[in-house]
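Here's the structure we're looking at; comments come further down.
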Amino acid sequence: MATRQFWKFTGSLVGLLALLAILIAVNIILSRVRVRADLTEEKIYTLAEGTRAVLKSLDGPVTLKFFFSGGTAEIPMPLKNFARQVEDLLEEYELASGGKLMVETYNPKPDSDAEEWAQRYGLAGEQLGIMDSTLYLGLVAVKGDTLSVLPFLDPRNERMLEYNITRMIARVANPKKPVVGILSSLPVMGVRSFPYAMPGQPLPKNQPPWVAFQDLNKDYEVRQLPAETDAIDPAIDVLIVVHPKAISEKTQYAIDQFVLRGGRLLAFIDPLCLADAMNQEAAMGMARPMSDLGRLTAAWGITYEPDKVVADLSASTRVQRSDNSVEENPVFLSLRNSNIDGHDMITSSLELLGLPVAGAFSGTGVEGLSVGSLLVSSDQSALISAMAVQMGVEVIRREFKSGGKRLNMAIRLQGKFKTAFPQGKPKTAPDGEKKEPAKPEDTTPALKESAKASTVILVADVDMLYDAFAVQEIPIFGQRVFQPLNDNINFFVNAVEQLSGSADLGQIRARGRFDRPFDRVQELQSEAQQRWMMQERTLQEQLAATKERLESLQSKKDKSQRYILSAEQEQEIAKFKQEQIKTQHELRQVRKNLREGIEELGVKVKVINILAVPVLVCLAGLVFGWYRRQSVKH
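Residue numbering for the sequence shown is 0 to 633, as defined by numbering that gives the first Met the number 0.
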């Protein structure tokens with residue numbers, strides 16, 4: 000009997016050891032097999048195809064140095080979570096690079112070598128707490144002697160995180176400055192006046208560049224083109240066209256061929272350019288301040304009416320009139336989140352854009368082109384004549400008839416373009432224009448369609464770039480300092496930056512959020528807060544009414560009794576105190592209900608998270624057992 004029990008015990012022990020050995024073997028085998036799955040709803044750990052293409056194209060090793068003060072006690076937990084998620088994302092980069100990208104992590108403790116390197120790289124250290132601890136949360140990309148730095152990874156810009164990381168990798172991999180060409184009928188790059196004046200005339204003043212264009216030279220090689228040109232240098236990567244007023248066919252053809260060669264275009268046109276009108280007024284000009292791209296937009300399948308302006312009642316702006324009164328002007332547009340594409344890298348981080356007197360685009364593009372909306376009006380908008388705008392707000396409102404649909408004020412065209420000049424280069428020059436002798440490049444065969452995909456961004460407003468509508472000048476100690484009025488310049492900078500990058504960068508969209516908000520909790524908080532605010536407002540109104548009543552009673556009282564309360568006053572005060580106590584009790588009850596609702600919801604979520612998987616496993620086991628028993632019976 001004892002022998003039998005011994006062998007039974009031994010068999011059980013051997014079985015357990017065998018099971019343990021199998022588990023160890025399975026773990027060893029699986030540890031060598033890289034199986035990764037992104038189960039997040041918005042695929043926040045899945046790299047975009049554009050990122051993978053950039054990593055694949057690396058011709059040498061690139062190092063990413065991630066600096067984070069992880070050991071600092073004062074760092075808020077949400078920031079620690081964000082840093083950990085950044086590390087996870089960088090690991091995805093390293094795995095996808097096939098060994099071409101290496102990630103190094105540093106904890107820049109006070110007075111350490113890591114902190115010294117963080118300071119050398121120019122990372123932005125933020126002071127935390129009473130112990131003067133410094134927080135570093137930055138990233139440096141290094142390839143040879145070339146480096147690119149993100150001084151601080153702001154969690155508020157997490158939707159652009161992948162784009163920013165991929166862009167810095169692309170910059171160190173190809174450090175050559177992109178070439179940007181500027182073609183404009185307005186002095187966006189400033190004017191250097193002749194240093195001498197005509198007899199009897201004041202000395203002309205230099206005009207500085209518009210603020211939006213002042214810093215382009217820092218990141219790009221900028222080339223200024225004449226407003227009329229018949230060819231665009233193939234070395235130009237991005238062409239910025241601003242207010243091409245009365246654009247000639249030869250200039251249209253030059254832009255057409257530039258796009259077909261694969262060049263990227265950023266064009267600002269306007270049905271009623273206020274900046275041009277101001278310049279004309281100063282120059283005593285009479286031409287109508289409008290611009291378009293001629294036959295180019297039609298060839299791309301886009302309709303633009305140069306005599307129509309967008310009016311939007313939901314996006315109207317309070318504008319000061321000449322008599323200092325303020326009015327709501329529906330053609331001076333203030334665009335917010337609902338009007339801005341939150342998924343495109345150009346616009347995803349923008350919150351407010353000001354478009355004074357903008358036009359609109361319509362159309363789905365010709366075959367081979369995709370059209371995406373960047374800036375749109377609300378559905379309470381309409382197109383009205385530019386003439387009505389010049390006649391005042393009353394005429395605008397009288398002519399306004401909502402079309403019930405959104406209007407596109409900025410769009411992105413991507414794909415393969417077809418020429419707007421199927422017959423080749425225009426043969427005749429416009430009236431008054433001198434025909435120039437053919438140049439060597441004139442003999443180049445005209446392109447009929449794109450050999451490769453390109454990108455064109457069209458914006459139906461020029462004034463958004465004009466200083467008067469984009470920045471406010473603040474003189475400080477004799478210096479000119481400009482404070483942004485909105486995100487107009489950020490829109491321009493983002494657009495140029497994205498177009499100047501590789502085509503792979505253009506494929507990256509805004510990421511999902513690491514920090515997923517608890518929507519139901521937020522709804523509870525919002526509902527309770529609204530109730531609380533309503534009751535607080537009621538209490539304030541009651542307080543004001545009671546004070547008014549007391550003052551009224553006081554004014555009726557005899558002067559000799561002004562320090563003695565009448566019976567009516569005492570009743571009024573007692574009544575108010577009772578109302579105040581009652582309302583405060585209701586406020587406390589609202590807060591209590593809010594806490595209980597959130598706690599109850601939290602308990603439910605915890606129970607579901609803890610029990611859901613075991614319950615599902617048990618159910619699966621029961622179903623499997625029932626199925627086996629049925630199989631045995633049969």
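We put the beta carbon where it would ideally sit given N, CA and C, even for glycine.
In this structure, L185 and D275 form a Cβ contact; the two beta carbons are roughly 6 Å apart against a cut-off of 8 Å.
The DSSP assignment places 263-267 as complete runs of the beta strand (DSSP E) inside the region 243-288, in order along the chain (cut-off: 3 residues). Take L382, set aside five residues on each side of it, and the residues of its chain with a beta-carbon closer than 8 Å to its own are E304, K307, V308, V309, A310, A359, G402 and L406, in chain order. W299 and V392 do not touch by the CB rule: their CB atoms are close to 34 Å apart, not below 8 Å. For the 9 Å CB-CB criterion, L88 and Y120 do not form a contact. The C-alpha of V616 is placed about 52 Å away from the C-alpha of F490.
Taking C-beta atoms as the reference points, G293 and L238 fail to come closer than 9 Å.
When the beta-carbon positions are compared, V139 and K64 come within less than 9 Å of each other. Taking L215 as reference, the option from H342, A494 and D269 with the minimal CA-CA separation is A494. For the region 132-182, the continuous alpha helix (DSSP H) assignments of 4+ residues that do not extend past its boundaries occur at 160-172, in sequence order. When beta bridges are read from the DSSP output, A310 appears opposite A381. Contact between Q482 and Q497 is ruled out by a C-beta separation of about 25 Å, above the 8 Å threshold.
Here L22 carries a helix assignment [DSSP, helix/strand/coil]. Bounds of the beta strand (DSSP E) holding S315 are S315 to Q319.
When the beta-carbon positions are compared, V458 and I268 come within less than 9 Å of each other.
Membership of V210 in any beta strand (DSSP E) is not indicated; the residue belongs instead to the alpha helix (DSSP H) covering V210 to Q213. Annotation for R170: S147 place their beta carbon closer than 6 Å to its own, counting only its chain and skipping 5 residues before and after. G261 places its beta carbon 9 Å or farther from that of A469. The DSSP-derived three-state label of T104 is strand. Between T363 and V356, the beta carbon gap of about 26 Å keeps them out of contact (Cβ cut-off 8 Å). With a cut-off of 8 Å on Cβ pairs, the region 239-253 is in contact with the region 215-231, counting three or more such pairs.
Contact annotation: D340 and S372 have beta-carbon atoms nearer than 9 Å. Judged by DSSP in its simplified three-state form, A611 adopts helix. In this structure, the straight-line span from the alpha carbon of V461 to that of F416 is close to 24 Å.
In the DSSP assignment, P77 falls within the alpha helix (DSSP H) that extends over M76 to A95. At the C-beta level, L57 and L19 stay beyond 9 Å of one another.
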